[in-house]
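What follows is a short report on a single structure.
Residue numbers (the working numbering): 2 to 118.
Printed below as a string of structure tokens:
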């Protein structure tokens with residue numbers, strides 16, 4: 002199983018980006034999918050997560066600006082990021098609890114998001 006993240010880049014403050022993360026391999030289903038981020042000199046933190054039924058949770062710092070969604074048929078999770086701020090600058094990692102013959106946590110490789118002021 003692999004999680005492949007894409008969509009990062011450089012954007013000005015106030016701009017938008019959309020991250021995608023596609024899971025591939027012998028997947029039966031995916032339970033929770035989430036996005037984490039790690040800024041310079043900071044610990045990795047949860048940004049948003051979405052359950053298999055669509056329930057969502059967000060970090061307070063991104064509520065009202067970011068939206069997490071998923072396409073179960075494509076085993077893909079998205080993060081729409083609007084009204085970006087310089088403090089959103091970080092490497093963003095996708096995460097999934099994947100069911101194959103077992104249940105295991107997987108991480109994507111990370112995608113850099115840089116927001117300039």
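C-beta: ideal position from N, C-alpha, C; glycine also.
Outcome for residue i when other beta-carbon atoms lying within 10 angstroms are tallied against a minimum of 16
i, result
"residue 103", "exposed"
"residue 57", "exposed"
"residue 101", "exposed"
"residue 11", "exposed"
"residue 26", "exposed"
"residue 24", "buried"
"residue 76", "buried"
Separation of residue j from residue i, as counted between CA atoms
i, j, result
"residue 60", "residue 47", "7 Å"
"residue 115", "residue 90", "5 Å"
"residue 64", "residue 38", "15 Å"
"residue 49", "residue 34", "9 Å"
"residue 62", "residue 88", "10 Å"
"residue 118", "residue 45", "23 Å"
"residue 29", "residue 5", "18 Å"
"residue 85", "residue 16", "6 Å"
Per DSSP, the bridge partner or partners of residue i
i, result
"residue 71", "78"
"residue 24", "4"
C-beta atoms of residue i and residue j nearer than 7 Å
i, j, result
"residue 21", "residue 79", "yes"
"residue 108", "residue 93", "no"
"residue 98", "residue 2", "no"
The ligand ZN heavy atom lying under 6 Å from the CB of residue i
i, result
"residue 66", "Annotation note on the ligand ZN: not contained in the displayed structure, which lists no ligands."
Residue i - containing beta strand (DSSP E), residue span
i, result
"residue 89", "Taken as a continuous stretch (DSSP letters only), residue 89 belongs to no beta strand (DSSP E), as it is neither H nor E."
"residue 58", "57-59"
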